[in-house]
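Structure first, then comments.
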Amino acid sequence: MSLSTRRAAAVLALGGGLLISPLSGAAVAAPGPVLAGPARIADAPRLASADNFRDIAGTGAGYPAQGSHRLNKGVIYRSNALTLSDADLATLDGLRPAEVIDMRNDDEIAAAPDRVPAGASYVNIQILAGDLAEQAGKLRSPEEARQLLCSFNREFVTSPDARDGMARTLTRIADQPGPVVFHCTAGKDRTGWATYLLQSIVGVDSDTIMRDYLLTNEYSAASIEATVAHIAATRGPEAAVVIRPLLGVDRSYLEAGITQLTSDYGTVDKYLRDGLGLRPQVVSALRAKLIK
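Here our numbering is used: the first residue of the sequence shown is 353, the next is one more, and so on.
Here it is, written out as structure tokens:
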């Protein structure tokens, strides 16, 4: 069975939302050029077997942050599951990550275990680890699928277990002096929310954060289409239409979580303090890690 078929089968078996991973193995661009400037840090390489792998700092000089700062490149990476080919594992080894934080649940990990880079520690922090397949299996329309992902994003704010997982994830990132890779299955929902928080902590503007969030649709475009085609061929075109919104991201998904955060806490800072219970030292350490 090919990698594409295995990934599409996982989508069908597990249902939707946070358990869905776009297929990997699509042709991707070569690593970006080395940048001018003192750091001369290259853009994150594209990984064919983890097609949503990227640097949360963005490309080029890094996203602008508070004041005249820019995000540090090469220190925090986001990804989908690290089901890596030998070539991609060697590429990731070259980035020398110190830790991989896997936010998936036990079933997701069993279906697609990570290949961890040499020298990196591995930690599993489960976020929204309940049975999502039952909810996804009841979907009857694309709009219901979109509303399901909106509800998942709201749960990052309302669920005590999700908040605890996010708090532990951010604390691990703050405590780790070396580069970190954090990920879920598709690298878009749990990973997308954690990225939103990290970028917000240092004042990345909302438009940039949203554009970065929506890059999943670009990075995983080929694999999303391959998954849709496989589902259409095996389950019928109607099923593919219903499932398609679960495979990518939409601004309404992240906006649902942000609206819930604003309603419950007012600001990201208060959510971090009162919702996640992060100590001020943790937030300060994240800022020091994130910006130049």
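We put the beta carbon where it would ideally sit given N, CA and C, even for glycine.
For F534, the uninterrupted beta strand (DSSP E) run begins and ends at 532-535, by DSSP. Bridge partners of A400 according to DSSP: none are assigned. The C-beta distance from L399 to L447 rounds to 10 Å, too long to fall under 8 Å, and the pair is not in contact.
In the pairwise beta carbon analysis, the region 546-555 is classified as touching the region 415-426: at least three pairs are separated by under 8 Å.
In this structure, K644 keeps its C-beta atom at 8 Å or more from the C-beta atom of V427. Taking 8 Å as the cut-off, the Cβ atoms of Y429 and I408 count as close.
DSSP places S552 within a helical segment (H, G or I) once states are collapsed to three. Within the model, the alpha-carbon separation for P531 versus P469 is close to 12 Å.
Annotation: R467 is outside any alpha helix (DSSP H) and is labelled neither H nor E by DSSP.
Residue environment analysis places K490 among the exposed positions, since fewer than 16 neighbouring C-beta atoms fall within 10 angstroms of its C-beta.
Remark: fewer than three beta-carbon pairs, one from each stretch, lie closer than 8 Å, so the region 470-477 and the region 487-502 are not flagged as touching. In this chain, the alpha helix (DSSP H) harbouring I595 covers 589-599. The three-state reading of DSSP puts S558 in helix, counting H, G and I together.
Less than 8 Å separates the beta-carbon of P494 from that of P597. C-alpha of S575 to C-alpha of T543: approximately 18 Å in a straight line. Using a Cβ-Cβ distance cut-off of 8 Å, the region 625-635 and the region 520-534 are in contact, since at least three pairs of beta carbons, one from each stretch, lie closer than that value.
Here the alpha carbon of P589 sits roughly 38 Å from the alpha carbon of A442.
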